[in-house]
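Notes to accompany the following structure.
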Amino acid sequence: MPKLESQCCPEPQCNAELPALDEQHIASLAHLFHLLGDEGRIRLVLACMAGPMAVSELSAVSGMSQSLTSHHLRHLREARILRSERQGKQILYRLDDHHIRHVVHDLACHVTEH
Numbered sequence: 001m002p003k004l005e006s007q008c009c010p011e012p013q014c015n016a017e018l019p020a021l022d023e024q025h026i027a028s029l030a031h032l033f034h035l036l037g038d039e040g041r042i043r044l045v046l047a048c049m050a051g052p053m054a055v056s057e058l059s060a061v062s063g064m065s066q067s068l069t070s071h072h073l074r075h076l077r078e079a080r081i082l083r084s085e086r087q088g089k090q091i092l093y094r095l096d097d098h099h100i101r102h103v104v105h106d107l108a109c110h111v112t113e114h
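This is the structure we're talking about:
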């Protein structure tokens, strides 16, 4: 898993106002946090923060079977938390965009603060 504690910013960097959120946006936001709230799925997301990884690697890192890993990856891909790309015979998974990296990084910093 990537080490985040030493990379935490001492003060907030984001002072931008939130975008306008309607009921559908709020439901989508809650769904994203629900997906990230599962320990197995957050392990997969944390592993992908280091770079693209194959299902077999993610299974080993997470301690889950390849079948369960694939199941979780499908949900994370559908929610645009992770994306997949084929390289030869393998499918590699990586973070979908910088927003996910920032959310996970900031929350990791929050839980490691003293």
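For the sequence shown, the residue numbers in the UniProt record's numbering are 1 to 114. Cβ atoms here follow ideal geometry from the backbone N, Cα and C, with glycine treated the same way.
Which of the three DSSP states, helix, strand or coil, is assigned to E39?
helix
Give the single residue among G63, V55, E23 whose Cα lies nearest to the Cα of E39.
G63
Taking the beta carbon of C48 as the centre, do at least 16 other beta carbons fall within 10 Å, making it buried, or is it exposed?
buried
Across the stretch 82-97 and the stretch 43-62, are there enough close Cβ pairs to call them in contact, namely three or more that are closer than 8 angstroms?
yes
One question on the structure: do R77 and S70 come within less than 8 angstroms of each other, judged by their Cβ atoms?
With respect to the 8 angstroms criterion, R77 and S70 are not classified as neighbours on the basis of their beta carbons.
Collapsed DSSP secondary structure at R80 in the structure displayed:
coil
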